[in-house]
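Single-structure report; data block below.
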Amino acid sequence: MAKKSMIAREVKRQKLVDKYAAKRAELKGIARDESRPMEERFKAQLKLAKLPRNSSATRLHNRCQLTGRPHAYYRKLKVSRIALRELGSNGQIPGMVKSSW
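The letter at position 37 of the sequence shown is residue 327 when you use our numbering, and the numbering goes up by one with no holes.
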């Protein structure tokens, strides 16, 4: 089980990303639009830099929804390899059988 503080930090980041997503997209659009004047693009870039760092989607880290483990994460199932094996052994994932040889 991951530290509660790390899980809480990740939840906080996700809320910030959701809150500022539209504003970030708008400012990025202005900054990348080459038909706009250079001063306007530069101002948009400065406004973008003033937004909170954690509002950027690149700062998010995938974590297992059951344990909070950040490594060995399966995106499709949103769980870690350890949680996946446990669920498979308990028969909670349809069609998954524990392999042994």
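From the three backbone atoms N, C-alpha and C, an ideal C-beta is built for every residue, glycine too.
D323 and R331 have their alpha carbons spaced roughly 8 Å apart. In the three-state scheme derived from DSSP, where H, G and I count as helix and E and B as strand, S295 is classed as helix. Counting along the chain, G378 sits inside the alpha helix (DSSP H) bounded by residues R371 to S379. For the pair I297 and R365, the CB atoms are not nearer than the 8 Å cut-off. Here L367 has L374 as same chain residues with Cβ atoms under 7 Å from its own Cβ, once five neighbours each way along the sequence are excluded.
Around the C-beta of E300, 16 or more other C-beta atoms lie within 10 Å, and the residue is accordingly described as buried.
Residue pairing of Y363 in beta bridges, as defined by DSSP: S370.
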